[in-house]
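Each residue of the sequence shown is one higher than the last, beginning at 1 in the UniProt record's numbering.
All C-beta atoms, glycine included, are put in the ideal place defined by N, C-alpha and C.
These numbers were taken from a predicted model, which means no experiment stands behind them.
Below: one structure, written as structure tokens.
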Amino acid sequence: LFTPPINTYLLASSLLSVPKEGLKNQAAFEEMRVNYIKELRRSVGKATNNSGQTWQRFFQLTKLLDAMHDLVGNLLDFCFYTFRESQALKVEFPEMLVEIISDQIPKVESGNTHTLYFHKK
């Protein structure tokens with residue numbers, strides 16, 4: 001079983017972190033994503049140990065993130081459903097999540113969002 005070093009997990013988490021402002025503005029989110037990718041490439045390029053293996057790990061990580069879109073989409077659908085039915089289901093969301101989800105539901109349902117991939121499909 002291959003266990004990637006902790007840096008791989010940190011890179012993945014940084015790619016998946018989305019500030020509230022990024023969620024409100026697709027262009028800002030795209031710029032942030034591109035900056036993360038540039039920073040990752042720079043970090044990978046500076047690695048002194050077996051650069052080819054580092055690039056391969058980076059490629060595998062970004063392919064994995066792309067492959068997770070279906071799972072994340074299903075989780076998002078479940079989150080939106082739970083949010084809409086929260087009173088009937090007796091579920092409470094933290095205030096910050098309520099604000100973010102309330103802002104995102106209309107955008108997602110109207111098709112004003114798109115999936116961001118590292119690799120072309």
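Check residue i in the structure and name its three-state DSSP category.
i: E85; result: coil
i: H69; result: helix
i: K90; result: coil
i: T54; result: helix
i: S110; result: coil
i: K38; result: helix
i: F118; result: coil
Are residue i and residue j closer than 9 Å when you measure CB to CB?
i: F78; j: I101; result: no
i: R33; j: L116; result: yes
i: T62; j: H114; result: no
i: E85; j: V91; result: yes
Using alpha carbons as the reference points, say which of the options lies closest to residue i.
i: T54; options: K63, V91, R41 and L71; result: R41
i: L76; options: N112, I105 and H119; result: I105
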